[in-house]
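**Q** Take this structure first; my questions come after.
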Amino acid sequence: MGEIPGLRERKKLRTRHALIAGALRLFLEKGYEQTTVSEIAMAADVSTRTFFSYFASKEEVVLCNARESLDHILRTFAERLPGESPADLLSRAVEMIFEALADDERGWEIAEVNRLVMTVPSLRAQALLLMFDAQHRMVDALQRAFPGELDAIEAAAAVGSVIGAAKLGISVGLKQGGPSQEVIGGCRRAVGLALAGLRAVAPFES
């Protein structure tokens, strides 16, 4: 008798999480360049072949959460609620991400990814390209959510203020050397301040 789809999916998620967590711990202990895919697979108790069924490279392990967060935000923008303001829609999109990061392990992963991006030149370059592309896609999606209400510059200002606050909030928290949940808390506060600023002016007010 085969596994039910829900159980199979949970097992896949556990394996994926084990690969990410194992990779990040190895990167912290040995260094990003010095860690091999085989070592990551071994840390997660899977084969190298299994690693490549989840990720194409070490780089993808590091940047996968950023891509998932973008997908979540784009889906949220596409499902704008009736009467929802731009600031409220942005708040709902990022709040669901922060709720997911409330778990200590997820918070540690995000903090460690940002440390890696800040210190490994090849990752920093790829993360910068990903961030620029993500912001442009978010601007387009936000405009589509508010046809005739937001122009491109207004949408760019909204996205830039929130994403910029999030990135700098994490960066400052990491420099201060606090625990991962403190870093995430500082990021959340920075985003809250940016959203408060947006709500103070039309067309973003609630």
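Position in the sequence shown (from 1) plus 1 gives the number in my numbering. Glycine included, C-beta positions come from ideal geometry on N, C-alpha and C.
Is it buried or exposed for Q144, if we count other Cβ within 10 angstroms and need 16 for buried?
**A** Taking the first residue of the sequence shown as 1, we reach residue 144 at position 143. It counts as buried.
**Q** To the nearest angstrom, report how far apart P204 and S54 are at their CA atoms.
**A** Walking along the sequence shown from the start, residue 204 turns up at place 203. Walking along the sequence shown from the start, residue 54 turns up at place 53. Rounded to whole angstroms, P204 to S54 spans 45 Å at the Cα level.
**Q** So, with DSSP's three-state summary, where would you put R11?
**A** Residue numbering aside, residue 11 sits at position 10 when the sequence shown is read from its first letter. Three-state result, R11: helix.
**Q** Specify, as a first and last residue, the run of the alpha helix (DSSP H) that L151 falls within.
**A** As a position in the sequence shown, residue 151 is number 150, starting the count at 1. Premise fails: L151 is in no alpha helix (DSSP H) and is neither H nor E.
**Q** Would you kindly work out how many angstroms separate the C-alpha atoms of R1 and R15, rounded to a whole number?
**A** For the chain, the structure presents residues 2 to 207; residue 1 sits outside this window and is missing.
**Q** Look at the alpha carbon of E206 and the alpha carbon of M43, and state the distance between them as a whole number of angstroms.
**A** Position 205 of the sequence shown, counted from the start, is the residue given in the question as residue 206. Position 42 of the sequence shown, counted from the start, is the residue given in the question as residue 43. Those two C-alpha atoms are separated by around 51 Å.
**Q** Under DSSP, the alpha helix (DSSP H) around G193 begins and ends at which residues?
**A** Taking the sequence shown and counting its residues from 1, the one referred to as residue 193 is at position 192. Counting along the chain, the alpha helix (DSSP H) containing G193 begins and ends at S181 to R200.
**Q** For A94, count neighbouring Cβ atoms within 10 angstroms of its own Cβ and tell me buried if that reaches 16, exposed if not.
**A** Within the sequence shown, numbered from 1, the residue matching residue 94 stands at position 93. Buried, because 16 or more other Cβ atoms sit within 10 Å of the Cβ of A94.
**Q** In three-state DSSP terms, what is Y33?
**A** Counting from 1 along the sequence shown, the entry for residue 33 is found at position 32. In the structure shown, Y33 sits in coil (DSSP, three-state: anything other than H, G, I, E or B).
**Q** Exposed or buried, what is K13 when buried is set at 16 or more other beta-carbons lying within 10 Å of its beta-carbon?
**A** Your numbering for residue 13 matches position 12 in the sequence shown. The residue in question, K13, is exposed, as its Cβ has fewer than 16 Cβ neighbours within 10 Å.
**Q** Could you tell me whether the Cβ atoms of G108 and Q182 are closer together than 8 Å?
**A** Here residue 108 is taken as the residue at index 107 of the sequence shown, counted from 1. Here residue 182 is taken as the residue at index 181 of the sequence shown, counted from 1. It is a contact, given that the beta carbons lie within the stated cut-off.
**Q** I think L90 touches L196, with their Cβ atoms under 8 Å apart; what is that distance to the nearest whole Å?
**A** On the sequence shown, position 89 is the one that residue 90 refers to. On the sequence shown, position 195 is the one that residue 196 refers to. Not really, about 11 Å apart at Cβ, beyond 8 Å.
**Q** So, does the region 54-64 touch the region 132-143, judging by three or more C-beta pairs under 8 Å?
**A** Contact between the region 54-64 and the region 132-143 is absent, because fewer than three Cβ pairs lie under 8 Å.
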